[in-house]
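Below is one structure, written out as structure tokens, with a few remarks after it.
Numbering (the numbering used here), first residue to last: 84 to 194.
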């Protein structure tokens, strides 16, 4: 997923609990769903950042050589300015983009 195009807010906003729990009926189950999705997003974002920063990796044994690479700093700052994974997951929940199921609840056929 392209998190750069996410319309999730960058700061925390007030949310309507009734709308968030409309699918599950339980705030705790909703929190678990959002936390698991935010963990998935965080892992994907970290892998993407590490992949981009690998290009700048120096494998020399000389510890005295420390290079300040402007491009590397800009990439890091860009990822710092992105919405946090929890906020992206909450936005996905509000937009109905998260698929979830509880294995302990029976599946009701849709009519």
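Every residue, glycine too, gets a C-beta built ideally from N, C-alpha and C. Note that this is a predicted model, so its numbers are computed, not measured.
At which residues does the alpha helix (DSSP H) containing residue 169 begin and terminate? 168 to 177
Can you give me the C-alpha to C-alpha distance between residue 116 and residue 162, rounded to a whole angstrom? 24 Å
Using the three-state DSSP reduction, which class does residue 105 fall into: helix, strand or coil? coil
Along the chain, where does the alpha helix (DSSP H) containing residue 132 start, and where does it finish? 110 to 136
Is there contact here, the region 109 to 129 with the region 155 to 175, by at least three beta-carbon pairs under 8 Å? yes
As assigned by DSSP and simplified to three states, the class of residue 160: helix
According to DSSP, simplified to helix, strand and coil, what is residue 100? helix
Classify residue 119: buried if its beta carbon has 16 or more other beta carbons within 10 angstroms, exposed otherwise. exposed
Quick one: grab the DSSP three-state call for residue 154. helix
Smallest Cα separation from residue 89: which of 188, 186, 175? 175
Report yes if the CB atom of residue 156 is closer than 9 Å to the CB atom of residue 135, and no otherwise. no
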